[in-house]
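All remarks here apply to the structure that follows.
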Amino acid sequence: MINPAHRVRAAIVAASFLLAGCGGGTAEKLGPGAGGPPARHGEAVPAPAPTASRTAAPGRLPGLGPETLAAVPSRTRQAVVVTGRGRNSSVSTAVLYERTGTGWRAAGPSRPARNALKGWTDHHRAGDLRSPIGVFTLTDAGGLRPDPGTRLPYDRSGAFTSPGTGFEGEPLAGSFDYVVAVDYNRRPGTTPLDWTRPLGASRGGGIWLHVDHGGPTHGCVGLREGDLVELMRALDPALHPVVVMGDAASLAR
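Residue numbering for the sequence shown follows our numbering, starting at 92 and increasing by one per position.
As structure tokens, this is what we get:
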């Protein structure tokens, strides 16, 4: 349950989402990504991008090179790997992995996803229309609709609204029905609506996993509503989940 003070904070920052959002710029005319009504969620998501190479040694996270693997905390037992089709592509896939006594294993199928309009970057800046590459913890969730059953702290708020249209003219309503905050340039342990930016406003923020709206995002990762709800129910704070995200070539470093 979110601390009441966080709700006060959310009310204060809600107006910020009307100006800045996913990636820290004018987010699809509102915030960190967006979506549409459940009836069409997933229908506009492109066919899954080629997933990262699965030739990794048994028990290792496939497609990840030594640099990326080294960034995964030793205590982490859940990892959502989002693999982009290319450095400049907005098409990606997402797979949840869990670490067992014998190593990592897929805990679900490969899911189609969307990322930022211009692809990926190692140095995200507000308004660059690219998603940040890296390993980020997943600590907090929220949305416009009731808690779908996640074990992450969940903040239900009317501030999770997304009017307007996306880059391809698609309606954004419903995109923030459910979100998981990606701990890039934010303060973990707060509502996703918290607007604190430890790296400064110029480095963007408001990067979320949210409901797909059938087009590229400003920096977030969009998943079909059903896929996102399943993921939210699977994520367990006791397993210290992270998201590993970037284009395939960058993740393989």
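All C-beta atoms in this analysis are idealised placements derived from N, C-alpha and C, irrespective of residue type, glycine included.
Determine the DSSP secondary structure at residue i, reduced to helix, strand or coil.
i      : result
Glu316 : helix
Ala329 : helix
Glu189 : strand
Pro157 : helix
Arg166 : coil
Ser183 : strand
Ala339 : helix
Leu152 : coil
Arg277 : coil
Arg176 : coil
Ser222 : strand
Ala125 : Here Ala125 scores only 32 on pLDDT, less than 50, and its place in the model should not be relied on; the value that follows carries that caveat. Three-state result, Ala125: coil.
Leu322 : helix
Arg294 : helix
Tyr269 : coil
Phe251 : coil
Asp303 : coil
Ala207 : strand
Ala264 : coil
Trp286 : coil
Asp246 : strand
With a cut-off of 9 Å, does the C-beta of residue i fall near any C-beta of chain C?
i      : result
Ala250 : The chain inventory of the structure shown lacks chain C, comprising one protein chain alone.
Can you tell me whether residue i is buried or exposed, with buried defined as 16 or more other CB within 10 angstroms of its CB?
i      : result
Asp285 : buried
Pro200 : exposed
Ala204 : buried
Thr252 : buried
Ala185 : buried
Ser165 : exposed
Glu316 : buried
Ala250 : buried
Measure the CB-CB distance between residue i and residue j and report whether it falls below 9 Å.
i      : j      : result
Asp303 : Leu290 : no
Ala207 : His301 : no
Gly150 : Val172 : no
Tyr188 : Leu220 : no
Arg344 : Gly156 : yes
Val226 : Val163 : yes
Gly233 : Thr282 : yes
Arg294 : Ala217 : yes
Taking the alpha-carbon of residue i as reference, which of the options has the nearest alpha-carbon?
i      : options                           : result
Arg242 : Asp231, Thr252, Pro200 and Arg236 : Asp231
Pro237 : Gly257, Val226 and Gly265         : Gly265
His331 : Pro279, Arg344, Phe258 and Ala340 : Pro279
Gly177 : Asp338, Leu342 and Arg344         : Asp338
Gly175 : Ser222, Gly260 and Arg190         : Ser222
Asp213 : Pro203, Ala204, Gly255 and Asn179 : Asn179
Met323 : Ala161, Arg190, Tyr245 and Ile224 : Tyr245
Gly296 : Gly249, Pro328, His215 and Thr256 : His215
Arg190 : Ala329, Gly255, Ser183 and Gly317 : Ala329
Val182 : Gly257, Pro307 and Thr256         : Pro307
Pro254 : Asp318, Leu263 and Arg202         : Leu263
Assuming the contact rule is C-beta atoms closer than 8 Å, residue i and residue j should be a hit. Round their C-beta distance to whole Å, please.
i      : j      : result
Pro239 : Tyr275 : No, Pro239 and Tyr275 are not in contact; Cβ-Cβ is about 23 Å, not under 8 Å.
Ala272 : Trp299 : 6 Å
Ala170 : Val335 : 6 Å
Val320 : Thr167 : Not really, about 22 Å apart at Cβ, beyond 8 Å.
Gly305 : Glu261 : 4 Å
Leu235 : Phe267 : 6 Å
Arg202 : Asp318 : 4 Å
Please find out if some non-hydrogen atom of the ligand HEM comes closer than 8 Å to the beta-carbon of residue i.
i      : result
Pro307 : Questions concerning the ligand HEM fall outside what the structure shown contains, since it holds no ligand whatsoever.
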